[in-house]
Amino acid sequence: MAIRLEPEDFIDMPWKNGGGVTRELYRLPGEPGSDFGLRISMARVGQSGPFSLFPGIDRILMLVDGAGFKLDMNGQVYTLDTPFVPLAFSGEEPVACTLLGGESLDFNVMSDRHWGQAELQVHELAPGQIYRCHSVTPRLLYRHATGQYAEPELWVLAPGDSLDLTADEQGATLVDIILYPLIGV
Numbered sequence: 021m022a023i024r025l026e027p028e029d030f031i032d033m034p035w036k037n038g039g040g041v042t043r044e045l046y047r048l049p050g051e052p053g054s055d056f057g058l059r060i061s062m063a064r065v066g067q068s069g070p071f072s073l074f075p076g077i078d079r080i081l082m083l084v085d086g087a088g089f090k091l092d093m094n095g096q097v098y099t100l101d102t103p104f105v106p107l108a109f110s111g112e113e114p115v116a117c118t119l120l121g122g123e124s125l126d127f128n129v130m131s132d133r134h135w136g137q138a139e140l141q142v143h144e145l146a147p148g149q150i151y152r153c154h155s156v157t158p159r160l161l162y163r164h165a166t167g168q169y170a171e172p173e174l175w176v177l178a179p180g181d182s183l184d185l186t187a188d189e190q191g192a193t194l195v196d197i198i199l200y201p202l203i204g205v
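Residues 21 to 205 in the working numbering are what the sequence shown lists, from first letter to last.
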């Protein structure tokens with residue numbers, strides 16, 4: 021049976037580089053000595069500056085709310101100004117972030133290569149539409165809530181779990197995070 025994580029399950033923690041705070045939504049342990057095997061988080065980016073380096077980590081980042089930002093990775097510039105468009109990159113990659121306007125909110129999936137991989141799919145649901153998920157592999161489902169006091173909604177599904185999520189009268193954005201842990205992990 022799918023497990024819904026509540027706001028009290030989430031942890032606010034400072035960025036590795038001291039430049040802000042991340043709300044960690046979910047974490048799986050990694051190998052001894054590593055920070056994590058898998059980590060799902062959201063962060064309010066309030067100033068331009070460098071990203072923390074995460075050697076051995078694959079990252080998927082997307083804008084959730086705000087004007088967005090430009091990411092310069094060794095001269096290759098990516099503009100994230102459209103919500104829910106994922107960008108995958110290596111945690112070793114030096115990244116300089118420049119805000120395009122005021123504060124922005126991002127969504128981040130990080131997986132240690134020794135743990136396995138994560139894949140992300142975004143689904144826009146019309147009002148009342150149902151997203152039916154039957155999990156063959158472990159996965160997480162994030163439903164983006166809007167409004168000033170909205171809290172993140174996250175469900176954890178083990179293989180064999182099923183879940184139906186229905187969009188409200190405004191519709192919904194769902195992020196389906198499919199997990200591919202390495203055998204023996």
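Just so it is clear, CB atoms sit at the ideal spot from N, CA and C, and this is done for glycine as well.
In this chain, the beta strand (DSSP E) harbouring histidine 164 covers 159 to 164. Of Ser155, Glu189, Leu202, Ile197, the smallest CA-CA separation from methionine 21 is found for Ser155. Inclusion of histidine 143 and valine 195 in the CB contact set at 9 angstroms is warranted, their separation being smaller than that value. Note that the segment 28 to 37 does not touch the segment 89 to 102; fewer than 3 beta-carbon pairs, one per stretch, sit closer than 8 angstroms. DSSP places methionine 62 inside the beta strand (DSSP E), whose first and last residues are 58 to 65. Judged by DSSP secondary structure, asparagine 128 falls within the beta strand (DSSP E) whose first and last residues are 124 to 132. A residue is called buried when at least 16 other Cβ atoms come within 10 angstroms of its Cβ; alanine 178 does not meet this threshold and is exposed.
A Cβ-Cβ separation of about 4 angstroms places histidine 164 in contact with threonine 193 under the 8 angstroms criterion.
Residue pairing of glutamine 137 in beta bridges, as defined by DSSP: Tyr200. Just so you know, the alpha carbons of leucine 174 and arginine 152 end up roughly 15 angstroms apart.
Taken through DSSP and simplified to helix, strand or coil, aspartate 55 comes out as coil. Following the DSSP letters along the chain, one finds glutamine 96 inside the beta strand (DSSP E) bounded by residues 96 to 100. The beta carbons of proline 70 and valine 115 sit about 7 angstroms from each other, so the pair counts as a contact at 8 angstroms. Nearest neighbour of valine 84 by Cα position, chosen from Pro201, Glu113, Leu107, Gln149, turns out to be Leu107. At least 9 angstroms separates the beta-carbon of threonine 42 from that of proline 52. Rounded to the nearest whole angstrom, the C-alpha separation of arginine 133 and arginine 79 is 10 angstroms.
Inter-residue distance for leucine 199 and glutamate 139 is about 7 angstroms (C-alpha atoms, whole angstroms).
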